[in-house]
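In terms of this note's numbering, the sequence shown opens at residue 19 and continues consecutively.
Backbone N, C-alpha and C fix where the C-beta goes; we use that ideal spot for every residue, glycine too.
All values reported here derive from a predicted model rather than from experimental measurement.
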Amino acid sequence: MRDVIPGSDRPFPPDSGATVGRLNAEQWLAAIVESSDDAILGESLSGIITSWNAAATRIFGYEADVAIGKPVSMLAWPGEEGQVEVLLEKLRQGERVDHFEVARRHKSGRKIIVSLSLSPIVDSEGKIVGIAKIARDITERKISEQVLAANELRVLTLTEQQAIDHAEVLAERKFRELIENAPDAILQVDSTGSILIANRTAETMFRYSREELIGKGVDMLVPDANRAGHAGHRRAFASAGMTRPMGLGLDLLAQRKDGTSFPVEISLSPVRTETGVNVTAVIRDVTERKQTEQRVRTLQESYMTELEARQKEAERLNRLKSEFMASISHELRTPLHTIIGFAELLEEEAEASLSEKQRRFLHHIHTDSEHLLSLINDVLDLSRIEAGGLNLRAEALSLQEIVTQSVNAIRPYANSKAVSVREGGQLEVGVWADPTRLRQILYNLLSNGAKFTKAGGEVWVEAAVEGSLVKITVGDTGLGIAPEECIRIFDKFYQVGFTPVGVREGTGLGLAICKQLVEMQGGKIWVESKPQEGSRFHFTLPYREL
Ligand code: ADP
19 MRDVIPGSDR PFPPDSGATV GRLNAEQWLA AIVESSDDAI LGESLSGIIT SWNAAATRIF
79 GYEADVAIGK PVSMLAWPGE EGQVEVLLEK LRQGERVDHF EVARRHKSGR KIIVSLSLSP
139 IVDSEGKIVG IAKIARDITE RKISEQVLAA NELRVLTLTE QQAIDHAEVL AERKFRELIE
199 NAPDAILQVD STGSILIANR TAETMFRYSR EELIGKGVDM LVPDANRAGH AGHRRAFASA
259 GMTRPMGLGL DLLAQRKDGT SFPVEISLSP VRTETGVNVT AVIRDVTERK QTEQRVRTLQ
319 ESYMTELEAR QKEAERLNRL KSEFMASISH ELRTPLHTII GFAELLEEEA EASLSEKQRR
379 FLHHIHTDSE HLLSLINDVL DLSRIEAGGL NLRAEALSLQ EIVTQSVNAI RPYANSKAVS
439 VREGGQLEVG VWADPTRLRQ ILYNLLSNGA KFTKAGGEVW VEAAVEGSLV KITVGDTGLG
499 IAPEECIRIF DKFYQVGFTP VGVREGTGLG LAICKQLVEM QGGKIWVESK PQEGSRFHFT
559 LPYREL
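Here it is as structure tokens:
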């Protein structure tokens with residue numbers, strides 16, 4: 019150890035020259051300092067290192083020749099340099115500092131914790147000439163303390179372990195309760211079919227006590243008739259090793275202790291153990307559900323039988339009604355034809371001999387008889403359709419031909435109202451239809467169009483092929499129909515409430531007949547219309563190449 023005490027020409031320690039054994043006091047002191055476990059440093063009052071022992075090298079990493087002459091602040095932990103100055107200031111004031119624990123920086127940059135004891139060095143005149151510093155490395159002790167503190171925490175964690183154990187016991191108890199009180203019977207069976215676990219519901223369901231179940235073969239819970247094959251099923255399930263859910267639609271039966279059987283649903287899941295595959299079975303008694311299902315089925319069946327009987331009766335009555343209507347209409351038509359015929363004859367022959375008033379009466383007889391006849395014709399048609407008595411004779415037709423015939427038939431009426439009639443669109447196509455009935459549909463629609471169109475307006479027929487269908491449209495520039503009426507006008511006897519004066523004639527059956535006829539020929543009918551903007555009645559028929 020080399021000692022230099024700045025500002026002093028006296029050797030250190032001050033009583034050098036005294037001899038202890040073969041060493042003088044200075045050598046002896048130097049030996050003590052050198053062999054100390056603690057770092058012993060001398061520092062000037064300005065904080066420059068003046069002496070440095072071997073322990074200082076060990077603790078801080080610097081060799082003596084490097085450290086001596088350097089400011090002591092090089093040992094400060096970064097950011098804590100100010101602390102060095104504070105300590106120095108205390109020493110300058112002649113104070114001592116004992117066991118001051120502080121972080122220091124090893125040469126390698128590692129943090130070390132040291133306990134510092136500092137005392138001022140005073141010369142013979144009592145003047146402070148330097149600082150003696152003893153630094154003890156307490157890093158390890160600090161770490162041990164931290165470990166200890168952590169161990170104290172660990173003790174707590176052990177406490178925690180008890181809490182965990184307790185929670186596990188509680189959880190297990192809850193789990194057991196859950197199993198015990200499950201609404202389904204729960205059994206666990208080992209690979210030989212012997213029952214290992216049975217819950218309370220299993221006892222009540224099968225009417226065996228738990229002692230009677232545990233250790234016994236599960237096959238005793240299978241009805242006698244099915245028992246023989248059960249062991250095979252069990253083995254097959256264990257080797258497949260797959261969970262089998264409930265409700266597979268199998269009609270399974272189980273047997274109680276008293277030999278009675280009941281319907282069940284069973285879910286099976288394999289549990290692999292060291293001794294083989296155990297199987298957990300959850301068994302649900304579905305007696306009530308099956309009974310309810312049976313009751314619902316019986317009810318449904320009797321309801322269906324009743325419904326069918328009622329439907330048949332309704333159909334019979336409907337047919338009777340239609341037959342009656344058909345025969346009545348037929349009976350009515352004959353005298354009506356006579357009335358109309360004679361009215362026409364009278365009109366022609368007695369033109370000159372009748373007064374103006376008589377001619378008017380005669381005209382009323384004629385027109386109203388005609389109206390009555392068309393009403394009867396419609397009723398007859400509809401009755402026949404509804405009674406299934408209208409046989410259609412469909413054939414491949416030229417649409418153009420039928421349209422022209424229908425347009426020619428309506429023209430006199432349309433002309434009388436100053437409504438023009440035209441044909442347009444793709445009429446040169448073939449359709450699959452009954453010619454009479456197609457004419458009837460077109461005539462009905464065209465006469466409606468003319469009827470609900472004012473003088474100067476027009477009605478027309480056009481067509482377009484759409485896939486396997488021909489769409490035929492009868493349009494007019496007339497009165498139009500409110501949206502809410504557009505479906506109802508196809509109902510029997512339905513006539514839109516508001517009609518302008520002179521327009522309300524007809525039966526309310528024309529469109530109902532058209533709908534029936536179109537549908538009987540494999541088509542659909544609908545209308546597009548807006549009040550005051552005219553109407554377009556569309557219907558489809560199967561397309562046929564001519
Ligand atoms: P009706 O013999 O009264 O014409 P329909 O069944 O042929 O019976 O028609 C039912 C009702 O639908 C008619 O009364 C009329 O109110 C309405 N309707 C039918 N065609 C047209 C049309 N082209 N324009 C306006 N309204 C129509």
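Counting only the Cα atoms, A432 lies some 9 Å from G467. Taken in chain order, the whole beta strand (DSSP E) runs of length 3 or more contained in the stretch 385-458 are 413-416, 438-443, 448-451.
In the three-state DSSP reduction, V514 falls in the coil class, being neither helix nor strand. Short of 7 Å from the beta carbon of G474, and not among the five residues preceding or following it, lie these beta carbons of its own chain, in chain order: A436. Among the bridge pairs identified by DSSP, I161 is matched with none. Inclusion of L93 and R122 in the CB contact set at 7 Å is warranted, their separation being smaller than that value. The beta-carbon distance between G526 and Y512, rounded to whole angstroms, is 5 Å. This is short enough to meet the 8 Å contact definition. With a cut-off of 6 Å, the C-beta of G524 is classified as near the ligand ADP, since at least one heavy atom of the ligand falls inside that distance. The C-alpha of L372 is placed about 42 Å away from the C-alpha of G552. Between the stretch 253-264 and the stretch 272-282 there are fewer than three C-beta pairs closer than 8 Å, too few to call the two in contact. Counting only residues of its own chain and dropping the five nearest sequence neighbours on each side, D303 has a CB closer than 7 Å to the CB of M223, F280, V282. The alpha-carbon of T323 is positioned some 16 Å away from that of Q312. When distances are taken from the beta-carbon of Q418 to the heavy atoms of the ligand ADP, even the shortest one reaches 6 Å or more.
The residue from A243, S285, H251 with its alpha-carbon nearest to that of T278 is A243. Burial check for S64: the Cβ neighbour count within 10 Å stays below 16, so the residue is exposed. In terms of Cβ geometry, G211 and R245 do not form a close pair [threshold 7 Å]. S212 is bridged by DSSP to G235.
The ligand ADP has no heavy atom closer than 6 Å to the beta-carbon of Q534.
Look at the beta carbons and you see the stretch 413-421 touching the stretch 438-453: at least three pairs across the two are nearer than 8 Å.
For the ligand ADP, a non-hydrogen atom lies closer than 6 Å to the CB of L529.
Counting C-beta pairs closer than 8 Å gives fewer than three between the stretch 185-203 and the stretch 226-238, which falls short of the contact rule. Under DSSP, P138 takes part in a beta bridge, and its partners are I149. The stretch 500-507 and the stretch 475-486 do not touch, with fewer than three beta-carbon pairs separated by less than 8 Å. Under DSSP, P288 takes part in a beta bridge, and its partners are V297. Residues of the same chain with a CB within less than 6 Å of the CB of V84, apart from the 5 flanking positions on each side, do not exist. A distance criterion of 6 Å places the beta-carbon of D399 beyond contact range of the ligand ADP, judged by its closest non-hydrogen atom. Taking W95 as reference, the option from A73, I86, G127, L109 with the minimal CA-CA separation is G127.
A contact is defined here as three or more CB-CB pairs under 8 Å, and the stretch 52-63 meets this definition with respect to the stretch 138-155. When secondary structure is reduced to three states using DSSP, E546 falls in the strand class. Nearest to I531 by C-alpha distance, out of E404, E367, V102, N409, is E404.
Taken through DSSP and simplified to helix, strand or coil, D183 comes out as helix. Counting along the chain, T68 sits inside no alpha helix (DSSP H); it lies in the beta strand (DSSP E) bounded by residues 67-70. Look at I499 here: in three-state DSSP terms it is coil, with no helix or strand label.
Taking a 10 Å sphere around the C-beta of R225, we find fewer than 16 other C-beta atoms and assign the residue as exposed.
DSSP lists T491, W544 as the beta-bridge partner residues of H556. Proximity of the beta carbon of D494 to the ligand ADP is indicated: a heavy atom of the ligand is located closer than 6 Å.
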